[in-house]
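Sequence positions in the sequence shown follow full-length UniProt numbering and run 1 to 148. I have placed the structure first, in the form of structure tokens, so that the comments after it can refer back to it.
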Amino acid sequence: MEHVLTTQDPNSPITLRTRKFMTNRLMQRRQMVLDVIHPNRPNVSRAELQEKLGELYKTPKEQCFVFGMRTHYGGGRSTGFALIYDSEEALKLEATFRLVRVRIYKMTLLTAERTQAQGREAFAQAPERTQEKVRGTKKSKAGDAKKK
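Rendered as structure tokens:
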């Protein structure tokens with residue numbers, strides 16, 4: 001039995017195909033399923049795909065978002081999802097975590113402090129700990145005190 005190793009060239013060409021293309025006027029974007037064929041490469045970076053997509057649809061790469069990439073078994077092919085926004089203004093409709101991921105949007109100071117100082121669960125439970133625990137008829141009196 002003979003094993004043949006294929007050379008993996010990071011500069012080898014890739015083929016980009018789009019399908020299920022849809023123009024979403026409400027969200028001011030074009031959305032599609034992205035098929036990437038990369039025979040001599042293990043995978044293709046998201047940044048490179050954004051660049052190629054921008055060239056293909058004649059838009060700035062900052063308005064192209066690629067996510068959900070899955071490499072098919074055996075390699076050589078990947079499938080994912082792509083969004084191309086019509087303008088910079090329309091980017092406000094994009095999910096914040098994706099904007100943070102591509103470094104367009106900065107994490108807010110509060111979020112950054114929270115992640116460094118304490119975990120998510122502790123942050124969520126902090127307001128509960130600060131409130132007094134009251135029982136029975138005292139609940140209505142505690143509510144009245146807050147309203148005044």
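Note that CB positions come from ideal geometry on N, CA and C, so glycine has one too.
- Of all C-beta pairs linking the region 78-85 to the region 121-140, fewer than three are shorter than 8 Å, placing the two stretches out of contact.
- Shown here, residue 83 sits in a strand according to DSSP, grouped into three states.
- Assignment of residue 12 by DSSP, reduced to helix, strand and coil, places it in the coil class.
- Annotation: residue 139 to residue 126 spans about 20 Å, alpha carbon to alpha carbon.
- Within the DSSP secondary-structure output, residue 29 pairs in a beta bridge with 24 and 85.
- As the crow flies, the alpha-carbon of residue 24 is around 6 Å from that of residue 30.
- Sixteen is the threshold: since fewer than 16 other Cβ atoms of the shown chains lie within 10 Å of the Cβ of residue 58, the residue is exposed.
- Three or more Cβ pairs closer than 8 Å define a contact, and the region 34-49 falls short of that threshold against the region 90-97.
- According to the DSSP secondary-structure assignment, residue 18 is paired through a beta bridge with 34.
- For residue 96, the uninterrupted alpha helix (DSSP H) run begins and ends at 96-101, by DSSP.
- In this structure, residue 15 lies away from residue 34, with their beta-carbon atoms at least 9 Å apart.
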